[in-house]
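Just so we're aligned, residue 1 is where the sequence shown starts under the numbering used here, counting upward by one. Heads up, the beta-carbon is just placed ideally off N, CA and C, and yes, glycines get one too. These numbers come from a predicted model, not from an experiment. Worksheet: one structure, shown below.
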Amino acid sequence: MKIIGVTGKIGSGKTTVSDLFLNFSHTEIINCDRLASSIIDSNYKIQQKIKEKFGLKSFFEGKLNRSYIRDIVFNDKEKLQELNSIVHAELFNELKKELKKYTSDTKLIVVEAAVLYEAKLFKLVDKIIWVSSSLEIAVNRASKRDHSKKEQIINIYNSQSYLENLKPYPDFIINNDTDLKSLKKQVEIIYSDLEK
Ligand code: ATP
């Protein structure tokens, strides 16, 4: 069994790349964004800490008010670090537990995580894929998908790490500035490399 981490900036194509791996049999995907959301929704201690730091508005009807939190953290680096320090350690532990659930039936586990580096999740994977899209393309795609403000997406994009600063450096880099056909081809090349 191999575990690969798929990461990259907002709108770069992490989910699209991860889904392409499902074309290969015995492949499973773990979406760390969803894992983090379920941790926040179910963990009372974490909810209390978030409310202490970000106020009562940070939750609405028991669920994290994501757009409110996003507006705060992606305009203020210190706030982003505070949120990270609340959630990331728990995410690391949960992912570790989650990975242990898979049996030898599974050949490949794809861990999709925007915070692969920030939450040190790279320590739990065998190989790292970085999905790269230019600012313009990523912002256009993400804003179309979420109907969200371009300005907010640009802020998030610029707050995230750049490829040249990553340690450890990714094993594979996917260029997602073109079409889905090219993306599929790049995924196939990586898959055959992983099989070696
Ligand atoms: P986020 O960080 O916001 O979760 P992401 O990195 O997972 O985003 P995706 O959701 O995979 O990115 O892609 C963003 C949008 O762009 C989606 O609507 C997706 O369908 C579209 N998209 C991704 N890659 C391509 C491509 N090569 N050609 C056309 N559309 C694409």
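For residue i, which residues of its own chain have a beta-carbon under 7 Å away from its beta-carbon, when the five flanking residues on both sides are left out?
i    : result
R66  : none
F54  : I69, I72
D105 : H26
K63  : D41
K57  : N65, Y68
Please confirm whether residue i and residue j have their CB atoms less than 7 Å apart.
i    : j    : result
S18  : V6   : yes
L22  : V187 : no
F60  : I129 : no
I30  : V111 : yes
Y117 : L135 : no
I174 : V131 : yes
S198 : N176 : In the structure as shown, the chain starts at 1 and stops at 196, and residue 198 therefore has no counterpart that could be examined.
Which residue marks the beginning of the alpha helix (DSSP H) containing residue i, and which one marks its end?
i    : result
S85  : 77 to 100
T178 : T178 -> no alpha helix (DSSP H), and no H or E assigned at all.
E52  : 44 to 54
T15  : 14 to 20
Are there 16 or more other CB atoms within 10 angstroms of the CB of residue i, so buried, or fewer, so exposed?
i    : result
N165 : exposed
Q152 : buried
Q47  : buried
Using C-beta distances below 6 Å, list every residue in its chain close to residue i, excluding the 5 sequence neighbours before and after it, in chain order.
i    : result
A119 : H88, L91, F92
L80  : V73
Would you grab the beta carbon distance between residue i and residue j for me? Rounded to a whole angstrom, and I think it's under 8 Å.
i    : j    : result
L124 : I3   : 7 Å
G13  : L194 : At roughly 19 Å, the Cβ-Cβ gap does not stay under 8 Å, so G13 and L194 are not in contact.
Starting from residue i, trace the beta strand (DSSP E) both ways and give me its first and last residue.
i   : result
I29 : 27 to 31
Excluding the five sequence neighbours on either side, which residues of its own chain have a C-beta within less than 8 Å of the C-beta of residue i, listed in chain order?
i    : result
L121 : G5, C32, L91, F92, L95, V111, A113, V115
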